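Visitor: The following block contains the structure, expressed as structure tokens.
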Amino acid sequence: MNTPITMHFTIEELYASATAKAKGISNKPNVQQTINLVYLTAYVLEPLRVAMNEPIKIGSGFRCQALNKAVGGVYNSQHLKGQAVDLCIDGDLKKGKKWFDYIRKNLPFDQLIWEHNSKGSYWVHVSYVYPDFGRNRRQVIENLLKK
Ligand SMILES: [Zn+2]
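Under the working numbering, the first residue of the sequence shown carries the number 19, and numbering increases by one thereafter.
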């Protein structure tokens with residue numbers, strides 16, 4: 019299945035997960051989680067995609083409880099609600115910083131985090147809460163090491 023939700027994104031790429039597949043976890047968002055993913059895509063990802071004029075690859079989007087546990091996500095992760103994605107930057111730090119700065123200056127968001135792990139892998143975590151469902155704090159974290 020391939021269900022477009024905006025010009026450049028499908029709903030499937032927002033919950034696809036190699037880890038879920040490898041571990042036999044069915045990682046499917048429910049209706050509310052799907053709505054959150056659609057808002058996140060419409061208000062953040064698609065505008066970013068259009069402004070950057072280059073593909074935006076999702077490293078990790080929605081995570082069910084089992085998947086969140088499997089990848090070591092925090093218990094209250096916004097990934098569980100379909101409100102957060104990690105943008106894959108493929109080791110291109112310049113590109114990642116460009117996306118990070120664009121989101122910070124131009125787009126609505128709840129949390130924007132420049133994350134990396136001890137293996138030297140970097141990605142951009144961004145979350146968005148549709149105003150009917152809560153408040154966007156516009157919290158920016160410049161450098162977070164994920165254990
Ligand atoms: Zn994340």
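Note that the Cβ used here is the ideal one computed from N, Cα and C, for glycine as well. All figures in this text were calculated on a predicted structure; none of them were measured in a lab.
1. Apart from the five residues on each side of it in sequence, which residues of its chain come closer than 8 Å, Cβ to Cβ, to residue 68?
2. By the three-class DSSP mapping on this structure, what secondary structure does residue 89 have?
3. Which same chain residues end up closer than 8 Å to residue 116 when comparing Cβ atoms and leaving out the 5 residues on each side of it in sequence?
4. Please report the Cβ distance between residue 54 and residue 113, rounded to the nearest whole angstrom; I am assuming they are in contact, meaning their Cβ atoms lie under 8 Å.
5. Would you call residue 80 buried or exposed, if buried means 16 or more other Cβ atoms sit within 10 Å of its Cβ?
6. Which partner residues of residue 37 appear in the DSSP bridge assignment?
7. Using DSSP bridges, identify the partner residues of residue 102.
8. Could you tell me the boundaries of the alpha helix (DSSP H) in which residue 56 lies?
9. Using only CA atoms, which one of 34, 162, 28 and 140 lies nearest to residue 85?
10. For a test of the three-state rule: what should DSSP assign to residue 134, helix, strand or coil?
Guide: Here's the rundown:
1. 25 and 26
2. coil
3. 70
4. With 8 Å as the limit, residue 54 and residue 113 do not qualify as a contact, their Cβ atoms being about 26 Å apart.
5. buried
6. Looking at the DSSP assignment, residue 37 forms no beta bridge with any residue, so it has no partner.
7. 145
8. 49 to 58
9. 34
10. strand
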